[in-house]
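Here's the structure, in structure tokens; my notes come after.
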Amino acid sequence: MADELGHRRAQLLEGHGANVVGSTLEKAVVSAVYLSLNAKYQWQAELLGSPRFYTEDQEELQEMTDDIILAERTVNRMWEFLLERL
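In structure tokens:
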């Protein structure tokens, strides 16, 4: 599984959920939360009809999302929010 995951943060396992990793516990949890939210949004968008995909370079897109989602401030705010909900 680790070989398949490679440098990515998550992998979907058919019928078994997902594996999510991060350089810290906080980053792994935040990535898992965003994966779940994005899956829900994707499903809802597909209910509206054929999706229109964003076609920019995948590496560039990955760097952009990593810079936003895994920014220390973003991770800390989401982590604190999740802790308050426990």
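So in full-length UniProt numbering, the last spot in the sequence shown is 86, and the numbers never skip. Every residue, glycine too, gets a C-beta built ideally from N, C-alpha and C. Bear in mind the structure is a predicted one, so any value in this text is a computation, not a measurement.
Residues bridged to residue i by DSSP?
i, result
"residue 10", "20"
Could you tell me whether the Cβ atoms of residue i and residue j are closer together than 7 Å?
i, j, result
"residue 120", "residue 21", "No answer is possible for residue 120: it lies beyond the span of the chain, which begins at 1 and ends at 86."
"residue 34", "residue 69", "yes"
"residue 30", "residue 64", "no"
Could you spell out the range, first to last residue, of the alpha helix (DSSP H) harbouring residue i?
i, result
"residue 71", "Here residue 71 belongs to no alpha helix (DSSP H), and DSSP marks it neither H nor E."
"residue 56", "Residue 56 -> no alpha helix (DSSP H), and no H or E assigned at all."
"residue 37", "25 to 47"
"residue 5", "2 to 5"
Which whole-angstrom value describes the C-beta separation of residue i and residue j, a residue pair presumed to lie in contact below a C-beta threshold of 8 Å?
i, j, result
"residue 121", "residue 5", "The structure shown does not extend to residue 121, since the chain spans only 1 to 86, so no value can be given for it."
Can you give me the Cβ contacts of residue i inside the same chain, cut-off strictly under 8 Å, excluding the 5 residues immediately before and after it?
i, result
"residue 10", "18, 19, 20, 21, 31, 32, 35"
"residue 155", "This structure cannot speak to residue 155, because the chain is shown only from 1 to 86."
Within the same chain, show all residues whose beta-carbon is closer than 7 Å to that of residue i, passing over the 5 residues directly before and after it, in chain order.
i, result
"residue 75", "26, 27, 30"
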